[in-house]
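> Residue 60 is where the sequence shown starts when you use this note's numbering, and the numbers rise one by one after that. Using N, Cα and C, we set each Cβ at its ideal position, and we do this for glycine too. Right, I'll just put the structure down here and ask away after.
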Amino acid sequence: MTSIKDSLYSQPLGQISSFTFDDHVANVFPDMISRSVPGYQTMIAAIGLLAGRFATPNSVCYDLGCSLGAASFSMQKNIMAENCKIIAVDNSKAMLSRFESILTPDKTPIELHCADIREIEIKNASIVVLNFTLQFLPVEDREKLLAKIYDGLLPNGALIISEKLAFDDLRQHELQIDLHHEFKKAQGYSDLEISQKRTALENVLIPETFTTHQNRLKSVGFNSAELWFQYFNFASFIALK
Ligand code: GEK
């Protein structure tokens with residue numbers, strides 16, 4: 060996908076409004092996410108491999124909080140099982156209209172739904188992907204969504220969750236945030252851009268510790284939940300039904 064450079068926070072903003080997934084963000088999203096999330100492309104590629112392994116014939120693969128569809132396209136490329144479909148859901152019209160414009164017919168079709176992931180039905184799922192989406196839900200809504208995903212997964216199905224992490228130990232927490240900011244600087248973001256974006260994301264993106272995620276996944280029924288990738292405070296884990 061062609062990508063416009065993200066410079067949304069490059070000029071001093073008098074008042075910094077809370078971050079939303081509007082047209083401005085959707086326009087620069089591929090550049091924004093790949094320069095902000097360490098390991099993003101690696102995770103997208105691996106989601107494809109995981110879908111290749113977990114997608115079973117006649118099942119549904121879900122991409123929840125799909126944005127412009129990077130995870131959906133990676134799954135589509137790798138799914139060999141017959142008669143699968145991908146259901147991609149996002150509540151940002153700006154994201155979905157751009158995603159729709161780049162869809163092409165394929166053996167494994169992608170169906171787009173503009174909806175809140177808390178409201179949709181999940182059924183007959185072999186794999187569900189939450190790639191940096193759960194962190195945007197109010198903390199109190201997360202367990203209910205995960206329980207719904209667990210119920211909608213077929214036996215032996217998998218949930219892939221990628222999240223920005225928090226750490227219990229304050230020194231570790233601050234170190235990881237600092238390392239992330241160094242990563243962003245190395246990607247060409249200025250101190251001003253980093254600090255204004257951080258303010259915009261406050262109370263919008265709420266990270267939790269890996270242990271919190273793991274305990275909650277087990278409490279809704281998953282057999283196991285383990286990390287398969289981590290780069291500073293960004294991680295991805297696989298939960299198995
Ligand atoms: C990727 N997965 O490129 N219902 C539906 N969508 C939501 C909700 C909700 N309640 N809350 C947030 N979103 C993508 C990247 S971005 C991550 C995911 C990021 C959507 C929101 O509109 C946005 O498109 C996406 O979740 C989060 O692999 O920007 O850090």
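Name the DSSP beta bridge partners of C173, please?
D149
> Between T2 and ligand 1, is there a pair consisting of the residue's CB and a ligand heavy atom that are separated by less than 7 angstroms?
No statement about residue 2 is possible, as the shown extent of the chain runs from 60 to 300 and does not include it.
> Going by DSSP, name the residue or residues bridged to A298.
L218, A284
> Around the Cβ of M134, are there at least 16 other Cβ atoms within 10 angstroms (buried) or fewer (exposed)?
Its Cβ being crowded by 16 or more others within 10 Å, M134 is buried.
> Taking the continuous alpha helix (DSSP H) assigned at A259, which residues delimit it?
250 to 260
> Alpha carbon to alpha carbon, what distance is there between D200 and N150?
16 angstroms
> Pull up the distance between the alpha-carbon of K166 and that of L204, whole angstroms please.
29 angstroms
> Quick one: residues in its chain with C-beta nearer than 8 angstroms to the C-beta of R177, no 5 flanking neighbours on either side, listed in chain order?
L196, D200, K203, L204
> Could you give the distance in angstroms between the alpha-carbon of S249 and the alpha-carbon of S69?
Going from the Cα of S249 to the Cα of S69 covers about 7 angstroms.
> Whole angstroms is fine: what's the gap from L218's alpha carbon to T101's?
17 angstroms
> Return helix, strand or coil for L193, following the three-state DSSP convention.
helix
> Tell me, to the nearest whole angstrom, how far the beta carbon of S185 is from that of F113; I am working on the premise that it is less than 8 angstroms.
5 angstroms
> What's the C-alpha gap between A15 and D81?
Look at the range of the chain in this structure, 60 to 300, and you will see that residue 15 is not part of it.
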